[in-house]
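Working notes for the structure below.
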Amino acid sequence: MKKFTHFDGVVAPLDRANVDTDLIIPKQFLKSIKRTGFGVNLFDELRYLDEGQPGQDCSNRPLNPDFVLNQPRYKGAEVLLARRNFGCGSSREHAPWALEDFGFRVVIAPSFADIFYNNAFKNGILLITLSEEDVDQLFAGVEASEGYRLEIDLENQRVITPDGKALAFEVDAFRKHCLLNGLDDIGITLQDEDAIRAFEQKHKQARPWLFRQPA
Amino acid sequence: MSGQTLYDKLWNQHLVKQRDDGTALIYIDRQLLHEVTSPQAFEGLRLAKRKPWRLDANLATPDHNVPTTLKERAEGNIGIKDPVSLIQVQTLDDNCVEYGIEEFKINDPRQGIVHVVGPEQGATLPGMTVVCGDSHTATHGAFGALAHGIGTSEVEHVLATQCLLAQKMKNMQVRVEGKLGLGVTAKDVVLAIIGEIGTAGGTGYAIEFAGSAIASLSMEGRMTVCNMAIEAGARVGLIAVDDTTIEYLAKRPFAPTAEQWEAAVADWRALVSDHDAAFDKVVTLKAEEIEPQVSWGTSPDMVTGISGQVPDPKAARDETVQRSHTRALEYMGLQANQKITDIKLDKVFIGSCTNSRIEDLREAAKVARGNKVADSIKLAMVVPGSGLVKRQAEAEGLDKIFIEAGFEWREPGCSMCLAMNADKLGAGEHCASTSNRNFEGRQGYGGRTHLVSPAMAAAAAIAGHFVDVRSLPANDATHAQEA
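In the order they appear, the protein sequences are chains E and R. Quick note: the first sequence uses our numbering, first residue 1, plus one each step. Quick note: the second sequence uses our numbering, first residue 1001, plus one each step.
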């Protein structure tokens, strides 16, 4: 996982609540056995005017000019601004893979779905939960000025607006630590290998049927 | 000090280590694997030169991509026409062989949708932690198991460490009290709950479903309810263990036997919330007020009773909801205030991890028996949840009832619930579907999904539009749930 460092980036607004993972990456693209290459199909049904197929060259597909990510002013956006319950629906990690592959490093919304929340952090994407009021103001800011950027200071848990206003956000210490250091959490868990083995022994003695296989 | 909830007990029984930073290591008893969310996890293991921690905790079966026509299935993997899908199913087979993980392959009679297969085999037991790279893993909570969907990185983490990094959720109890009306099923109950609390109402919570109406449900009905906990935002849905749970599990292949069975049952009896357990949130619904449900929009909480109508976005509680409703009506091609019974259907899908078990098929067959699918319906299909469900249905003659009525009788898999195989909606088509999600494009590009119970789907197939199963002649759906 890439280290997450202090950065500032262009913000793209997706003014829609309950953006589900089917919308982020439609199912036909889940057939890939790789972790990469999903960016061209991010928001496929919103972004293109035709139905996409896996493995297709997307460079000649008709673009939906109304979709924000197709508008030149949001080119190179690294921060996605969204509405409540972002990432609801399925557990597909292809959703954060697609966001990351497209170039997004941060999503800001009033709330996120639980499984998506976990999946995003495991792929180096920082999800920032701000109040509905703060999100409304950011939408207004993006709308008002082209090239609107936000500075993201994970270390101090602040989003800094172009006019210098700092919006504080919460993130749990473990996820923050992993993001800042680009850590693989399997490696961290395996440092507790002895504790896991000891638990497993005790668990098996107490409830042997949990370890049973059919004859 | 107040007592523990069922969720608290399951959490405590699996807590390996609580870290200072608020995260915990939780031991995982069972991992179910399928072809879509596992290849990158195995690849990750391979790249890091790691081995699975405990092979026998894993059970695999292909389900999302598999074709459902007999002709294609007869050829095994080779019958999968889509080369990309074929590679994915083949990759699951290869990984299971390489690592020595038990897999029910494409034409094994035990193959099926993971959330049908696990319980059917007794591979899901009360008191277990169960994970799978699929959000509908909440299904297994019907057994008093702590079960939830995880992402692919977590699948890899569980393979490598037998643990999950987790944070304790909050406790919510959803009580459904009273007696369900005839023709009102588990599916209607859970849709009504989602309509009540919303698609984010359960975010951050483990929901325990309780109350007399929940206790009266069969295991299959309970699985339908827990299955859709995620559609209310909750990763975990739970139901306390009782006689119904224990009777269902007896003699299942993976269930304990003899003395171990007795010890297990004694242990499972404690898997209920203490009478003085404290919940962070409690929601109560009256069973008598729930009628057969139909979703009209593009989110599972956009749902109403069969006697209702499509809402007017202008009446929405805030601007965000108003915009969502307006957008949903546009996508669905519906008018504000249109009667639900006036919605005409093009296709009907009976299947999915929500509603593809034997009782679901019996319920639908009771409505279909002696009737014909309306001429205006382009396709009505029944897709059993597993090879064993299919076999049981055929032993009962349900396949013949469906075929005579004009339904297609298919091979087991996820099928048109998410349309990763060839079973899908065309743009603009309305589908009465027993599945779990009505998101835009979910069942096919531009497709319009209406979530309903199996009996309601069968009745819609025959009428060509939605009808109230309670208005059908006796012996039909109104008695289905008593079967």
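Glycine included, every Cβ here is placed at the ideal spot set by N, Cα and C. These numbers were taken from a predicted model, which means no experiment stands behind them.
Do residue i and the ligand PLP come close, with the Cβ less than 7 Å from some heavy atom?
| i | result |
| --- | --- |
| residue 1446(R) | As far as ligands go, the structure on display features none, and thus does not contain the ligand PLP. |
Check residue i in the structure and name its three-state DSSP category.
| i | result |
| --- | --- |
| residue 1318(R) | coil |
| residue 112(E) | strand |
| residue 97(E) | helix |
| residue 1093(R) | helix |
| residue 1403(R) | helix |
| residue 1128(R) | coil |
| residue 1392(R) | helix |
| residue 47(E) | helix |
| residue 15(E) | coil |
| residue 1246(R) | helix |
| residue 1027(R) | strand |
| residue 189(E) | helix |
| residue 9(E) | strand |
| residue 40(E) | helix |
| residue 29(E) | helix |
| residue 1353(R) | coil |
| residue 1383(R) | coil |
| residue 58(E) | helix |
| residue 166(E) | strand |
Considering just the uninterrupted stretch of the alpha helix (DSSP H) at residue i, what are its terminal residues?
| i | result |
| --- | --- |
| residue 197(E) | 193-206 |
| residue 1031(R) | First-last for residue 1031(R): 1030-1033, but that is the beta strand (DSSP E), not the alpha helix (DSSP H). |
| residue 1161(R) | 1152-1161 |
| residue 1197(R) | 1186-1197 |
| residue 1209(R) | From DSSP, residue 1209(R) is part of no alpha helix (DSSP H) but of the beta strand (DSSP E) over 1205-1210. |
| residue 1224(R) | 1219-1227 |
| residue 1118(R) | 1114-1121 |
With a threshold of 16 other CB atoms inside 10 Å of the CB of residue i, please say whether the residue is buried or exposed.
| i | result |
| --- | --- |
| residue 1237(R) | buried |
| residue 1005(R) | buried |
| residue 1447(R) | buried |
| residue 110(E) | buried |
| residue 1117(R) | buried |
| residue 1354(R) | buried |
| residue 17(E) | buried |
| residue 1483(R) | Any reading at residue 1483(R) must be qualified, since the residue scores a pLDDT of 39, below 50, and its modelled position is unreliable; no value is offered. |
| residue 1097(R) | exposed |
| residue 1403(R) | exposed |
| residue 1477(R) | Residue placement at residue 1477(R) is flagged as unreliable, the pLDDT there being 48, under the threshold of 50; a coordinate-derived value is accordingly withheld. |
| residue 181(E) | exposed |
| residue 207(E) | buried |
| residue 1284(R) | exposed |
| residue 1003(R) | exposed |
| residue 114(E) | buried |
| residue 1437(R) | buried |
Ignore the nearest five residues each way along the sequence and tell me which others in residue i's own chain have a CB closer than 6 Å to its CB.
| i | result |
| --- | --- |
| residue 1466(R) | 1294, 1340, 1341, 1343, 1460 |
| residue 120(E) | 96, 127 |
| residue 156(E) | none |
| residue 1479(R) | Annotation note: pLDDT 47 at residue 1479(R) (below 50); position unreliable, coordinate value reported separately. No residues qualify anywhere along the chain. |
| residue 1481(R) | Confidence at residue 1481(R) is low in this model, with a pLDDT of 46, below 50, so the placement of that residue is unreliable and no value is reported for it. |
| residue 148(E) | 11, 141, 142 |
| residue 1255(R) | 1122, 1249 |
Residues in the same chain with beta-carbon distance under 8 Å from residue i, minus the five sequence neighbours each way, listed in chain order, please.
| i | result |
| --- | --- |
| residue 75(E) | 10 |
| residue 233(E) | With chain E represented from 1 up to 215, any question about residue 233(E) goes unanswered, as that position is not in the structure. |
| residue 1101(R) | 1033, 1052, 1055, 1058, 1059, 1060, 1095 |
| residue 131(E) | 110 |
If I measure Cβ to Cβ from residue i and keep anything under 7 Å in the same chain, skipping five residues before and after, which residues do I get?
| i | result |
| --- | --- |
| residue 1109(R) | 1387, 1388, 1391 |
| residue 1017(R) | 1024, 1025 |
| residue 1312(R) | 1336, 1337 |
| residue 35(E) | 97 |
| residue 3(E) | 180, 181, 182 |
| residue 62(E) | 48, 49, 50 |
Could you check where the beta strand (DSSP E) with residue i kicks off and where it finishes?
| i | result |
| --- | --- |
| residue 158(E) | 158-160 |
| residue 178(E) | Counting along the chain, residue 178(E) falls outside any beta strand (DSSP E), though it belongs to the alpha helix (DSSP H) covering 173-181. |
| residue 151(E) | 149-153 |
| residue 1362(R) | Here residue 1362(R) belongs to no beta strand (DSSP E); instead the alpha helix (DSSP H) covers 1358-1368. |
Looking at C-beta atoms only, is the number of pairs between the segment 1228-1244 of chain R and the segment 1127-1141 of chain R that lie closer than 8 Å three or more?
A contact is defined here as three or more CB-CB pairs under 8 Å, and the segment 1228-1244 of chain R meets this definition with respect to the segment 1127-1141 of chain R.
contact_flag[the segment 1165-1177 of chain R, the segment 1273-1281 of chain R] where n(CB pairs < 8 Å) is 3 or more
Yes: at least three Cβ pairs fall under 8 Å.
Any contact of the segment 1175-1190 of chain R with the segment 1209-1218 of chain R, i.e. 3+ C-beta pairs under 8 Å?
Yes: the two stretches touch, three or more of their Cβ pairs being nearer than 8 Å.
Would you check if the segment 1148-1155 of chain R and the segment 84-103 of chain E touch, i.e. whether three or more CB-CB distances between them fall below 8 Å?
The segment 84-103 of chain E, when compared against the segment 1148-1155 of chain R, does touch it at the 8 Å Cβ threshold.
With a threshold of 8 Å, are at least 3 pairs of Cβ atoms found where one atom belongs to the segment 1313-1332 of chain R and the other to the segment 1288-1305 of chain R?
Segment contact: the segment 1313-1332 of chain R against the segment 1288-1305 of chain R, three or more CB-CB distances shorter than 8 Å; contact assigned.
When you compare the segment 1121-1130 of chain R with the segment 1357-1370 of chain R, are there three or more beta-carbon pairs, one atom per stretch, that lie closer than 8 Å?
The way I'd put it, the segment 1121-1130 of chain R doesn't touch the segment 1357-1370 of chain R; fewer than three beta-carbon pairs between them come closer than 8 Å.
Determine, using beta-carbon pairs with one atom in the segment 1240-1253 of chain R and one in the segment 1376-1387 of chain R, whether at least three such pairs fall under 8 Å.
With the cut-off at 8 Å, the segment 1240-1253 of chain R and the segment 1376-1387 of chain R do not touch.
If contact is defined by three or more beta carbon pairs under 8 Å, each pair taking one atom from either stretch, is the segment 1411-1421 of chain R in contact with the segment 1430-1440 of chain R?
Taking 8 Å as the limit for Cβ pairs, the verdict is that the segment 1411-1421 of chain R does touch the segment 1430-1440 of chain R.
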